[in-house]
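Engineer:
Residue numbers (the numbering used here): 1 to 349.
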């Protein structure tokens, strides 16, 4: 076990630490190995019970590709995000979730996507930035500091609040699809048991993928824009209109009968030659988190330093930076813990 090696103890000793607690003499070494502050081990009576978040509650974007270690690492970042958002919610009013998660469990992907589009009020028009859209409707978005490429994205519900983690090293088009995919999990699969997901009796990932495709590329608008036997240039025009990846657009056109199987393979081959398999040439600019930008900007204006946030959350600046889409790194200036008093509940994001 990596932690045992870092501490110079046996795996059994680490297990004992987890079950009954570690001695105070090991606190500094543990904090350094886990990349947290010493204050991380001082449990606030108002802190979320982060240990309640388990792998069984989390929907992973690439479950089959991820290892147990990677999934555990991702859940660890999810727990850190809970601490970070608790700090934010102590000082700012975030939007409450107003999406119909309780009413859409078990729905067909296309129907769930249509219902959500109706609630959002965009008809069949392209959706705006998915990051801002999700945040505005009460979903807590955070970025993955280190394990993003293996995990891609994941989501979970905690105390009735939805959370989505995304890998910002991907293209903006793929991040948009990942967010839509995770919203699909939150809407359709909250009541699905872990046994069903593991057994594979339902294609959970396929359902979330179908939801994302229907949400971002509604059927009637795609059929109205993409002709039968569509060319690569027509696929690219539709991809720019719907703000999705070229490969996702080609797949959607194929699924809706605008491309035959042979035509789909030819289009994908040409798109690969043009660089669209690994990227999005001349694609969208990366989407930004308005929540974290506002928090960082407000803290900077009021002299709240990253060291204050770090001390009060127990998370090192590097972790805060990684979770906040890179925004918290911009928090500068000196501050003492007493300065938290100047961040009142009147700050709204």
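Ideal placement from N, C-alpha and C gives every residue a C-beta, glycine not left out.
Between residue 270 and the rest of its own chain, which residues show a CB-CB distance below 6 angstroms, the 5 nearest in sequence each way excluded?
Structural biologist: Answer for residue 270: 232, listed in chain order.
Engineer: Using the beta-carbon count (16 or more within 10 Å), is residue 314 buried or exposed?
Structural biologist: Buried.
Engineer: For the alpha helix (DSSP H) containing residue 210, name the first residue and the last one.
Structural biologist: Segment 204–216, the alpha helix (DSSP H) holding residue 210.
Engineer: Among 158, 208, 349, 228, whose alpha-carbon lies nearest the alpha-carbon of residue 289?
Structural biologist: Cα-wise, what sits closest to residue 289 is 349.
Engineer: Please name the residue or residues paired with residue 143 in a DSSP beta bridge.
Structural biologist: DSSP lists 166 as partners of residue 143.
Engineer: Bridge partners of residue 158, per DSSP?
Structural biologist: BP columns for residue 158 point to 161.
Engineer: Could you check what DSSP says for residue 349 in three-state terms: helix, strand or coil?
Structural biologist: It is coil, neither helix nor strand.
Engineer: For residue 185, which residues of its own chain have a beta-carbon under 7 angstroms away from its beta-carbon, when the five flanking residues on both sides are left out?
Structural biologist: If we look at residue 185 and ignore the five residues flanking it on each side, its Cβ neighbours are 59, 155, 208.
Engineer: With distances taken from CA atoms, which of 237, 284, 323 is nearest residue 292?
Structural biologist: Ranking 237, 284, 323 by Cα distance to residue 292 puts 323 first.
Engineer: If we ignore side chains and look at the alpha-carbon of each, how far apart do residue 168 and residue 240 end up?
Structural biologist: Their Cα atoms are separated by approximately 20 angstroms.
Engineer: In the DSSP assignment, what are the bridge partners of residue 153?
Structural biologist: Bridge partners of residue 153: 166.
Engineer: How would you call residue 170, buried or exposed, if buried means at least 16 neighbouring beta carbons within 10 angstroms?
Structural biologist: That one is buried.
Engineer: Is residue 193 buried or exposed, if buried means 16 or more other CB atoms sit within 10 Å of its CB?
Structural biologist: No answer about residue 193 holds up, because its pLDDT of 49 lies below 50 and its placement is not dependable.
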